[in-house]
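In the working numbering, the protein residues as written are 136 to 209. Each residue gets a CB set at the ideal place from its N, CA and C atoms; glycine is no exception. Owing to the predicted nature of the structure, the values given are computational and were not obtained by experimental measurement. For reference, the structure is listed below as structure tokens.
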């Protein structure tokens with residue numbers, strides 16, 4: 136895993152960026168679809184301190200990191 140200082144997904148904290156990065160790593164290893172990744176971000180956003188996990192910037196950065204080409208708006 137990368138140093139958490141290098142991981143940035145638009146979250147407000149290093150812990151938030153690390154949590155999103157864990158989703159990205161899991162999604163890559165499991166070949167998840169964009170809809171499945173988005174649902175994971177929604178679950179993370181239910182945790183009050185990670186509420187920004189569904190913000191447009193975070194979603195766009197995750198979408199790009201995953202190299203998706205499917206429809207962004209699900």
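**Q.** Rounded straight-line distance, which links the Cα of residue 181 to that of residue 164
**A.** Taking the CA atoms as reference points, residue 164 sits about 24 Å from residue 181.
Alpha-carbon spacing of residue 150 relative to residue 187, whole angstroms: Using only the alpha carbons, I get a separation of about 12 Å.
*Per DSSP, what kind of secondary structure is residue 151 in: helix, strand or coil?*
When DSSP states are grouped into helix, strand and coil, residue 151 belongs to the helix group.
Verify whether the separation of the beta carbon atoms of residue 154 and residue 176 is less than 7 Å.
-> With a cutoff of 7 Å on beta-carbon distance, residue 154 and residue 176 are scored as not near each other.
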